[in-house]
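Data first, discussion second: the structure below is written as structure tokens.
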Amino acid sequence: MYSVNIERIEKDLYELANFGFNPKDKGIYRQGLTDVDMQARRWVMEQFEANGLKTHMDGVGNVCGRLGDPDKPAIIIASHLDSVPAGGMFDGTLGVMAGLECIRVLREHNIEPKHPIEIIGTSEEEGRFGGMLGAQALSGNLNFQWLESARDPKGEFLKDAMQRCGLDIHDALHCRRDPGSIKAFLELHIEQGPVLEKQQKTIGVVDGISGVFKWLVKLKGKADHAGTAPMDMRSDAFMGVADFAHEINRIIDEEGTDKTRLTIGRVDLKPGYAHTIPGEAHFTLVGRDMSEEVMQQVANSCGKVLSSIARKHKLRFEYEQMSWLEPKYFSPKLVDLIEQQAKKLNYSYIKMPSGAGHDIQFFTDITPTGLIFIPSVGGVSHAPDEWSHWQDVEQGSNLLLATLLDIAQDKVSLNQ
Ligand SMILES: [Zn+2]
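Be aware that the sequence shown starts at 21, since it is given in our numbering, and climbs by one per residue.
Rendered as structure tokens:
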């Protein structure tokens, strides 16, 4: 059995962490389509080239390094190279550098893969302009209107940021890969949550990405003087929010699963004065589950509960569904293959869904996909103290390598 050289991965990740490193808070500031992001990308391209990959940067800044026939369908290993502000050194980068290490192992052992292999460091995943720009470009999910109008929170247009990086939005639509040109899509990523560590497992064999819905809820009552209005004569919109928050766990118990999540992430009270009863409460409600049917049941229940709470507090209940993203499932055959390899390697693992989105979710409908997680210490990510133990990095990378080799050598059929 072949294995990766963890020291090389470690060296690469530390070197990549220098791009955008801030000594003050020890965070990495490498947001998508910034100068330092482009410097990092050029460095990664040098590493690709030094390891014999035919390398190019596409129209949105994805860096692509390919081994083998340029025309045959390729096995793609991809993750992102940008970071959130004050991010960590494993999020995204792990998947790219582990992919490169797989190439080194293949070349060292003169293994001739039967299919081309392409390593891709994707562009703007973390959301400076909305996120997953590179993956959406590759999978053909971009449209020109959006590209022209997208801005970052500081107001800079995506098209201007791209231009400063030497990229042109007109080229962004040409990054799309034909589904027939992709044999399979693999991603190795940190879990960014506490589950693996808590269960003392090294590997998460991810079977899908949770569906997500987002509501904007409005409870409307009556603003009143906080001193003169008796407690039993109020239409206090905040009381409605508080009552609903208390019902969340019951709704999940009754309608949800152990994979259901419901979160009120933001509450705005109007008029928002200490001495005034809130006449309106606007809040976000985000729900997740692996089953669209469960999502529907939970959403229905939220609506019913909110209506009855509104009646009780003499409020008007309105909501707007801002988004509804269905769950995405990875290919059962590829999930099985990853599981079998984890067993063969004697690594402890669990099957789990991903509550967070990843580049790979744009490929579930067009090619066989597989996602591997390794533990995040303390469940922490998107923060300077994001960490993963090198032993876990090594095992995750070995699992990626073993999975890649089986596909590359035609030892498995990925047809459903
Ligand atoms: Zn990530």
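In this text, a Cβ means the ideal position worked out from N, Cα and C, and glycines have one as well.
CA nearest to the CA of residue i, picked from the options
i, options, result
"residue 248", "131, 369, 295", "295"
"residue 159", "168, 165, 169, 143", "143"
"residue 426", "138, 134, 316, 197", "134"
"residue 271", "316, 376, 392", "316"
"residue 302", "336, 332, 38, 74", "336"
"residue 42", "107, 389, 52", "107"
"residue 105", "200, 432, 387, 50", "50"
"residue 213", "94, 428, 408, 163", "408"
"residue 197", "182, 180, 227, 162", "162"
"residue 293", "262, 326, 244", "244"
"residue 424", "400, 390, 73", "390"
"residue 439", "74, 68, 72, 82", "Nothing can be reported for residue 439: it is not among the residues displayed for the chain, which extend from 21 to 436."
"residue 286", "264, 259, 236", "236"
"residue 314", "277, 305, 327", "277"
"residue 400", "31, 109, 200, 23", "109"
Check whether residue i and residue j have beta carbons under 8 Å apart
i, j, result
"residue 369", "residue 151", "no"
"residue 397", "residue 217", "yes"
"residue 280", "residue 309", "yes"
"residue 84", "residue 138", "yes"
"residue 343", "residue 233", "yes"
"residue 70", "residue 101", "no"
"residue 62", "residue 124", "no"
"residue 99", "residue 48", "no"
"residue 203", "residue 93", "yes"
"residue 275", "residue 325", "no"
"residue 354", "residue 122", "no"
"residue 300", "residue 240", "yes"
"residue 211", "residue 358", "no"
"residue 26", "residue 226", "no"
"residue 329", "residue 263", "yes"
"residue 228", "residue 345", "no"
"residue 153", "residue 80", "yes"
"residue 136", "residue 88", "yes"
"residue 113", "residue 53", "no"
"residue 215", "residue 141", "no"
Buried or exposed by the 16-neighbour rule on C-beta atoms within 10 Å, applied to residue i
i, result
"residue 367", "buried"
"residue 405", "exposed"
"residue 117", "buried"
"residue 411", "exposed"
"residue 378", "buried"
"residue 90", "exposed"
"residue 129", "exposed"
"residue 437", "A query on residue 437 cannot be resolved here, the shown segment of the chain reaching from 21 to 436 and no further."
"residue 67", "buried"
"residue 415", "buried"
"residue 172", "buried"
"residue 253", "exposed"
"residue 418", "buried"
"residue 385", "exposed"
DSSP beta-bridge partners of residue i
i, result
"residue 341", "235"
"residue 226", "372, 391"
"residue 84", "76, 140"
"residue 99", "141"
"residue 42", "47"
"residue 179", "None, per the DSSP bridge assignment."
"residue 296", "245"
"residue 202", "94"
"residue 289", "301"
"residue 282", "307"
"residue 209", "393"
"residue 336", "240"
"residue 221", "Bridge partners of residue 221: none, in fact."
"residue 107", "48"
"residue 171", "177"
"residue 367", "Answer by DSSP bridge pairing: none, since residue 367 is not bridged."
"residue 348", "229"
Proximity test, residue i beta-carbon vs ligand 1 heavy atom, cut-off 7 Å
i, result
"residue 112", "yes"
"residue 406", "no"
"residue 209", "yes"
"residue 313", "no"
"residue 144", "no"
"residue 100", "yes"
Ligand 3 heavy atom lying under 7 Å from the CB of residue i
i, result
"residue 278", "In the structure on display, ligand 3 does not appear, and the ligands it does have are ligand 1."
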